[in-house]
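This report concerns only the one structure given below.
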Amino acid sequence: DSLAASPMAEELWERGLDNARRAAVWRSLLLDGLVVEPWTSHREYEMLSQTPSPYDDMIRRDIGRTLPREELFREKCGRGQKALFRILRALAVRLWDIGYVQGLNFIVATLFNVCADDEAVVFQCAQALLFRHALADFYRPGFPRLGVAVWQFDRILEGFLPEVFSALQRHGVTAEYYAMQWFLTLFASDLPQPIVRRVWDRFFISGWQIIVQVGLALLQGVQESLRMADTCEALTLLKRFVRSQRFDAEKLLREAAAFSVSHHMLSDLEAAFSSGEGAQVKLVVDTPAEGGGQPRWTVHRIAAQVSPAAASLRGSTPDSRCQRRGGSGRGVLVATTVLPFIIHNLDTGESNLLHEEWGEYVSESQPAEPRRWWSSRSLPEECLPKRHHSTGTFWLQGQQRHALRALGKV
């Protein structure tokens, strides 16, 4: 049997392991089945880590703000920071079509925190993580998988936590605003490392569903605050609450496991996204009474309805159809997201809302008819966001399903 279905993996899932044993299990879960010759891999790593990269300056800039509270990375130009630079440089040279993207520093730093004895092994594990779990497409130009993940999460949030979804929709906020960093770093940029390690323990066994479940559990904890907050308060809360609150790892994982997100659900939603049905899809979750078994869910394909106002614009140019609603005078914007009104500071990581502009926009764009579950249903097809057709999956289906069955999780 594979390690993913072994007693060691069960202990990793249920309680976690000390760093020495965790390093061995993570390495096996990531590298088993791959042909990795130790001498060749170490020689290749040494060569790549000494090859100058066009991303060197960007990597150096990010290293100083990567897990600065962790002892291994606390010292400027210390052992941890130097190793992190070498590994990220080697990845940037080796994965030339990706190079270096912010977020990879947290992925590699978390791996190195566990497997600090061998840089070449961390280098190999990072590559395996990117490709075995289809994370590489999160970082490629255009971020094709990130778009799928964000869209999926919005649909799943609507199904499992409709009150949170409604509150965020009222503020014009989607997962694009608060969850992209979660997904790009697998929570390593926001949660403390001990909790991240426990999340990754399960992620390496079960796959992307764990990331989605943890995201739901985090939002469930602040749903009342989101419901009561105004837009400015909600935006601030969403950016800060994960870093400012204290979480118990096992409690968070128990709460996450209560959300019955499955590979089948993710697959069905991804298929809908890839087929271009995104604007007409809604996840409906029927939660039984307590003790009544697993929730039942359905991905509803809803026929698009074009409002008279939108239909009247079919004669205009695509750009004008996507920008304005209304036939005369100034008109109002169709978009209902707050994202265009937010300024991001890439150096500090902070975001600020253009309050006056957003307030003016909201007052102008009040709909004449009740809002439906997704405002873009009323738009012509040309105005809907372009969808990237994507191949591959978020998970290693065979290995992970076998592991979950062996662990009694399905």
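If you're matching positions, the sequence shown starts at 14 in the numbering used here and goes up one per residue. From the three backbone atoms N, C-alpha and C, an ideal C-beta is built for every residue, glycine too.
How is residue i classed by DSSP in three states: helix, strand or coil?
i	result
E26	It should be noted that the sequence gives Trp, not Glu, for residue 26. DSSP places W26 in helix when its eight states are reduced to three.
R267	helix
K252	helix
D150	helix
E283	helix
V186	coil
T64	coil
R259	coil
Q226	helix
S179	helix
Y58	helix
T244	helix
D110	coil
G172	helix
S273	coil
Q137	helix
F156	coil
P20	helix
H192	Here residue 192 turns out to be Ala, not His, going by the sequence shown. Residue state, collapsed to three classes: coil.
Q165	helix
V235	coil
S288	coil
L80	coil
For residue i, which residues does DSSP report across the bridge?
i	result
R296	Sequence inspection shows Leu at residue 296; the Arg mentioned does not correspond to that position. L296 pairs with V312.
Count the other CB atoms within 10 Å of the CB of residue i; is the residue buried (16 or more) or exposed (fewer)?
i	result
G228	buried
D31	exposed
L326	Note that L326 scores 33 on pLDDT, short of 50, meaning its location in the model is unreliable and no value can be drawn from it.
M278	buried
P20	exposed
D70	exposed
E132	buried
G93	buried
E237	exposed
G172	buried
V297	exposed
R168	buried
T123	buried
T79	buried
Compute the minimum distance between the beta carbon of residue i and the heavy atoms of the ligand SAM, and state whether it is under 6 Å.
i	result
D281	Absence of the ligand SAM from the depicted structure is noted, as is the absence of any ligand whatsoever, leaving it without description.
Specify, as a first and last residue, the run of the alpha helix (DSSP H) that residue i falls within.
i	result
S41	N32 to L44
Q94	R92 to R107
C424	The displayed coordinates of the chain run from 14 to 423. Any statement about residue 424 would go beyond what the structure contains.
L204	From DSSP, L204 is part of no alpha helix (DSSP H); its letter is neither H nor E.
E84	E84 to R87
R74	D69 to I76
Quick check: is the beta carbon of residue i nearer than 7 Å to any beta carbon in chain D?
i	result
A180	No chain D appears in the structure shown, which is made up of a single protein chain.
*Is the segment 146 to 165 touching the segment 60 to 74 in the sense that three or more CB pairs, one from each, lie closer than 8 Å?*
no
*Would you call the segment 183 to 200 and the segment 243 to 252 touching, i.e. three or more CB-CB distances under 8 Å?*
yes
*Taking one C-beta from the segment 134 to 142 and one from the segment 36 to 46 each time, how about it: are there three or more such pairs within less than 8 Å?*
yes
_Could you check whether the segment 187 to 196 touches the segment 164 to 171, counting it as contact only if at least three pairs of C-beta atoms, one from each stretch, sit closer than 8 Å?_
yes
*the segment 118 to 129 contacting the segment 196 to 205, beta-carbon criterion three pairs below 8 Å*: yes
*Do three or more CB pairs link the segment 279 to 287 to the segment 252 to 266 at distances below 8 Å?*
no
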